[in-house]
């Protein structure tokens, strides 16, 4: 049944029942339930706040990039999501807490312009942090995802990443964190891994790691310019390799930045599993979209079984004004199958 066909069915005639994976349902304390919100780019609505506040999620993770192209709406979007009552962490993207002139300097790889405008980043980040309220703004930071069964830590990677071979926003990162290049960034992440006493780790980044494909439709592949390439962050890859060498169980890497719909045509791979790590690119842009007469709000549901290697990932869209009907999305990011609220 399509969303349009479903809209013709009286709500009173619907049989409401959860259709999530049974091992991901509310109840077991050995399952950590995480909502992942990809690049927002102004796509946040009061409906999102109400839905997540009533949900069963233990944590909400944001991959960054709150505003549109002008950066003028950053604080406004942050104030919207600050109404969330669930524990939540955001990593700033390349559009968050930065100025348009800084972004232009990064896009043109203009070193003089980078230095000239780096001083603006501190005040802009302070404004963002204040607007977020109780939502934590991470970056080279360690957080405990507390559970009743086992400890699992979240490591928030390099903020403001733009991917590829250029170390973005270097002057400010050096001033704030003492990080000036990919090598020193890796060292900073290694410090966080060593500080963690948890066996299991989750990484939150704005852009994903290298090593997962170099095609235009790869999970963090370059889909612009003449030649496709691996556009991941090599400092994040080196940190993941270090964690595994030290015997840590890296359960998931959560990021965005490289939007699902690629420049040429079609969509990129948005999730994959390698070496027992779940890699998730949650950046379906726009995350709020309309199909016929219905509005849908996308997010990714991640459920981690803490006593096994089981990792359940679902790309979902909640249908607005239809009693929170939840749809599983297809590979192109469109509603495919109703998981909650229909006679199936």
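Numbering (our numbering), first residue to last: 159 to 502.
For glycine and all other residues, C-beta sits at the position ideal for the given N, C-alpha and C.
Please classify residue i as buried or exposed, where buried requires at least 16 other C-beta atoms within 10 Å of its C-beta.
i           : result
residue 501 : Summary for residue 501: the model assigns pLDDT 37, below 50, so the residue's position carries little reliability; its value from the coordinates is reported in the next sentence. Residue 501 is exposed by the Cβ-count criterion.
residue 267 : exposed
residue 237 : exposed
residue 383 : exposed
residue 230 : exposed
residue 228 : exposed
residue 477 : buried
residue 232 : buried
residue 263 : buried
residue 381 : buried
residue 320 : buried
residue 269 : exposed
residue 387 : buried
residue 432 : exposed
residue 495 : exposed
residue 250 : buried
residue 281 : exposed
residue 497 : buried
residue 261 : buried
residue 462 : buried
residue 452 : buried
residue 161 : Annotation note: pLDDT 43 at residue 161 (below 50); position unreliable, coordinate value reported separately. Buried, because 16 or more other Cβ atoms sit within 10 Å of the Cβ of residue 161.
residue 490 : exposed
residue 385 : exposed
Given a cut-off of 7 Å on the beta-carbon distance, is the pair residue i and residue j in contact?
i           : j           : result
residue 425 : residue 417 : no
residue 314 : residue 362 : yes
residue 202 : residue 247 : no
residue 353 : residue 300 : yes
residue 356 : residue 413 : no
residue 483 : residue 457 : no
residue 371 : residue 379 : yes
residue 188 : residue 399 : no
residue 297 : residue 329 : no
residue 210 : residue 244 : yes
residue 390 : residue 405 : no
residue 207 : residue 241 : yes
residue 430 : residue 377 : yes
residue 408 : residue 446 : no
Sort out for me which residues DSSP pairs residue i with in a bridge.
i           : result
residue 495 : 486
residue 380 : 387
residue 205 : Looking at the DSSP assignment, residue 205 forms no beta bridge with any residue, so it has no partner.
residue 411 : 361, 437
residue 448 : 453
residue 473 : 458
residue 192 : 217, 460
residue 310 : 303, 358
residue 429 : 438
residue 295 : 248
residue 367 : 391
residue 419 : 425
Thinking residue i and residue j are a contact (beta carbons under 8 Å), I'd like their distance in whole angstroms, please.
i           : j           : result
residue 290 : residue 303 : Not really, about 19 Å apart at Cβ, beyond 8 Å.
residue 197 : residue 415 : 7 Å
residue 271 : residue 259 : 7 Å
residue 351 : residue 401 : 5 Å
residue 194 : residue 460 : 6 Å
residue 337 : residue 346 : 5 Å
residue 190 : residue 216 : 6 Å
residue 443 : residue 199 : 6 Å
residue 374 : residue 422 : 6 Å
For this session: Examine the Cβ distances between the segment 385 to 397 and the segment 435 to 444 and report whether three or more of them are shorter than 8 Å.
Result: no
Exercise. Three or more C-beta pairs closer than 8 Å, one from the segment 217 to 227 and one from the segment 244 to 264: is that the case here?
Worked result: yes
Exercise. Between the segment 274 to 293 and the segment 324 to 337, do at least 3 Cβ pairs fall closer than 8 Å?
Worked result: yes
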